[in-house]
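Trainee:
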Amino acid sequence: MFARFSKALHKAGFYLSGATTAYLPDALFRPFLQSRLAALSDYDEQAVMDRVNYYNRLDAPFDLGDAGVRIGDFRRDGSSAYFLDLKRLARYFPADYRMHYLFGDITHVPDVPSFLKSRPIEGDVRNSVLLKLNSVRHYYAESDLLSFEGKIGKAVWRGVDHMPWRQEFLQRYANSHFCDVGCVGKKARRPEFLKPFMSIREQLRYRYVVSIEGYDVATNLKWILRSNSLCMMRRPRFETWFMEGRLQAGVHYVELRDDHADLEEKIAWYESHPDEALQIIANARQFSRMFEDARLEELVGLLVLEKFFRYSGQLLSK
């Protein structure tokens with residue numbers, strides 16, 4: 007009950023602050039762009055720009071033409087969560103600047119440079135410019151008060167079974183003594199694998215948490231890596247603002263085979279080698295900390311937009 011209340015409170019805070027974003031005139035924010043960007047001097051500039059250039063890989067001028075929308079005309083036309091996250095950044099730039107965006111679980115590279123939440127890790131992704139979108143869903147986490155040693159020595163997973171690889175995973179491990187896994191939701195493809203809902207806090211009672219990508223990324227990956235549990239997953243195919251493409255197997259997570267067939271073997275190994283598990287967990291928590299400074303997150307986002315507007319010819323080069 008407390009877990010659901012905590013998550014509801016998190017969402018309420020996001021949308022309440024978003025009301026300010028949505029209804030106050032953008033003109034109130036534009037004069038503060040330079041002061042926001044000046045925050046760069048308070049951080050390691052090389053590290054900040056490394057992130058900016060990771061998210062925005064544009065390296066040549068382009069013409070947006072009539073694609074996209076003027077910032078002054080930007081209105082909610084779908085998910086309010088995506089809209090509010092983009093609006094919080096775009097409001098600092100001139101109303102006549104144009105931008106192109108795609109909301110939702112994006113797994114392809116668009117034809118024109120676009121702001122989006124997710125993209126493939128491999129290939130030429132220069133047109134896929136990442137922003138921290140739908141943050142209310144993907145960046146919610148709870149404090150983990152249990153030590154690794156104090157947790158249950160099994161793997162846990164809960165989620166919807168809408169993708170074939172998730173169904174195959176459930177088929178393989180639904181009755182495993184090493185795991186507590188199951189699907190949740192009313193639209194289960196395989197009702198025989200239904201299990202009761204488990205909150206994040208309940209899942210964190212287990213030493214090992216499996217992360218399985220859905221349409222794009224796995225929502226649970228971010229809170230797992232902030233916890234005292236060990237993340238187990240196959241090598242990710244897609245990435246978001248969290249830079250999943252920079253996660254290293256054996257350093258930040260335990261890599262599983264594509265068919266997850268070695269899960270029990272990996273659990274047995276780390277049960278016998280807890281020091282190795284603890285080192286991976288420490289590395290994962292260190293990686294996650296770079297996304298916890300709200301002022302830095304805003305700065306990086308603004309610089310990503312600034313680079314987009316510069317390469318599209320709307321902002322004079324520095």
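Each residue of the sequence shown is one higher than the one before, counting from 7 in the working numbering. Glycine included, C-beta positions come from ideal geometry on N, C-alpha and C.
Once you ignore the five residues that flank K243 on each side, which residues in its own chain have a CB closer than 7 Å to its CB?
Mentor: Here residue 243 is Arg; the residue named in the question, Lys, does not match the sequence. For R243, where only same-chain residues beyond five positions count, the Cβ hits under 7 Å are P126, I127, E219.
Trainee: In angstroms with no decimal places, state the Cα-to-Cα distance between F315 and M105.
Mentor: Distance between the alpha carbons of F315 and M105 is about 8 Å.
Trainee: Could you name the residues that DSSP lists as bridge partners for I158?
Mentor: Paired residues: Y212.
Trainee: Provide the residue(s) that pair with F244 in DSSP beta bridges, ordered along the chain.
Mentor: Answer is P126.
Trainee: Just curious, the beta strand (DSSP E) that E261 is in, first and last residue?
Mentor: From DSSP, the beta strand (DSSP E) with E261 extends over 260-262.
Trainee: Does the separation of the CB atoms of L90 and L108 fall below 8 Å?
Mentor: No, they are not a contact pair.
Trainee: For V118, which residues of its own chain have a beta-carbon under 7 Å away from its beta-carbon, when the five flanking residues on both sides are left out?
Mentor: The answer, listed in chain order, is L70, A73, H106, N133.
Trainee: Suppose contacts are defined by Cβ-Cβ distances below 8 Å. Is C189 in contact with V166 by that definition?
Mentor: Result yes, Cβ atoms of C189 and V166 sit closer than 8 Å.
Trainee: Going by beta carbon distance, what residues of the same chain come within less than 6 Å of T309, once the five residues before and after it are set aside?
Mentor: Reading off the sequence shown, one finds Leu at residue 309, where the question assumed Thr. The answer, listed in chain order, is V58.
Trainee: May I ask which residues mark the beginning and end of the alpha helix (DSSP H) holding V187?
Mentor: Premise fails: V187 lies in the beta strand (DSSP E), 185-189, not in any alpha helix (DSSP H).
Trainee: On the three-state DSSP scale, how would you describe V257?
Mentor: Note: V257 maps to coil in three-state DSSP.
Trainee: What residues are listed by DSSP as bridge partners for Y381?
Mentor: With the chain covering 7 to 324 only, the question about residue 381 has no answer from this structure.
Trainee: Could you tell me whether any non-hydrogen atom of the ligand COA is closer than 7 Å to the CB of F248?
Mentor: Questions concerning the ligand COA fall outside what the structure shown contains, since it holds no ligand whatsoever.
Trainee: Using 8 Å as the cut-off, can you tell me whether the region 222-235 makes contact with the region 176-191, which would need three or more C-beta pairs spanning the two stretches below that distance?
Mentor: Not touching, per the Cβ criterion.
Trainee: In the DSSP assignment, find the beta strand (DSSP E) that holds S205 and state where it starts and stops.
Mentor: Careful: S205 lies outside any beta strand (DSSP E) and carries neither H nor E.
Trainee: What does the alpha-carbon distance come out to for the pair E271 and R76?
Mentor: Spanning the two alpha carbons is a distance of roughly 54 Å.
Trainee: Less than 8 Å between the CB atoms is what I'm expecting for W229 and K138, so what's the real figure, rounded?
Mentor: Actually they are not in contact, since the Cβ atoms of W229 and K138 sit about 15 Å apart, beyond 8 Å.
Trainee: If you draw a straight line from the C-alpha of K324 to the C-alpha of E312, how long is it?
Mentor: With a pLDDT of 47 at K324, under the threshold of 50, the predicted position of this residue should be treated as unreliable, though the coordinate-derived value follows. Near 10 Å, if we compare the C-alpha coordinates of E312 and K324.
Trainee: Which residue's Cα is closest to the Cα of A96: G78, S278, P116, E303?
Mentor: The shortest Cα separation from A96 among G78, S278, P116, E303 belongs to G78.
Trainee: Can you grab the Cα-Cα spacing for the pair H114 / S120, in whole Å?
Mentor: Each residue's alpha carbon lies about 11 Å from the other.
Trainee: Out of R240, S153, Y29, state which residue places its alpha-carbon closest to the alpha-carbon of D264.
Mentor: Among R240, S153, Y29, the Cα nearest to that of D264 is on R240.
Trainee: Taking all protein chains shown into account, decide if A288 is buried (16 or more other Cβ within 10 angstroms of its Cβ) or exposed.
Mentor: Answer is exposed; the Cβ neighbour count stays below 16.
Trainee: Tell me the rounded alpha-carbon separation between A224 and L43.
Mentor: Those two C-alpha atoms are separated by around 32 Å.
Trainee: Applying the criterion that 16 or more other CB atoms from any shown protein chain within 10 Å of the CB defines a buried residue, is R213 buried or exposed?
Mentor: Burial call: buried.
Trainee: Would the beta-carbon of L210 fall within 8 Å of that of S217?
Mentor: Their beta carbons are not under 8 Å apart, which means L210 does not touch S217 by this criterion.
Trainee: Pick out the complete alpha helix (DSSP H) segments inside the region 33-88, 4 residues or longer, and give them in chain order.
Mentor: DSSP runs (the alpha helix (DSSP H)) wholly in the region 33-88: 39-43, 51-61.
Trainee: Across which residues does DSSP place W275 in a beta bridge pair?
Mentor: DSSP, once it has assigned bridges, lists no residue as partnering W275.
Trainee: Could you please give the first and the last residue of the uninterrupted alpha helix (DSSP H) stretch that includes V142?
Mentor: Element bounds for V142: 141-144.
Trainee: Could you tell me whether the region 247-260 touches the region 286-300, using the rule of 3 or more Cβ pairs below 8 Å?
Mentor: Touching, yes, given that three or more Cβ pairs across the two stretches are closer than 8 Å.
Trainee: Per DSSP, which one or two residues make a beta bridge with Y107?
Mentor: The partner list for Y107 (beta bridge, DSSP) reads F121.
Trainee: Would you report the Cα separation of S153 and C185, rounded to the nearest angstrom?
Mentor: If I take the Cα positions, the gap works out to 19 Å.
Trainee: Name the DSSP bridge partner or partners of W163?
Mentor: Looking at the DSSP assignment, W163 forms a beta bridge with V187.
Trainee: Hey, could you find the ends of the alpha helix (DSSP H) S294 is sitting in?
Mentor: S294 -> alpha helix (DSSP H) spans 280-294.
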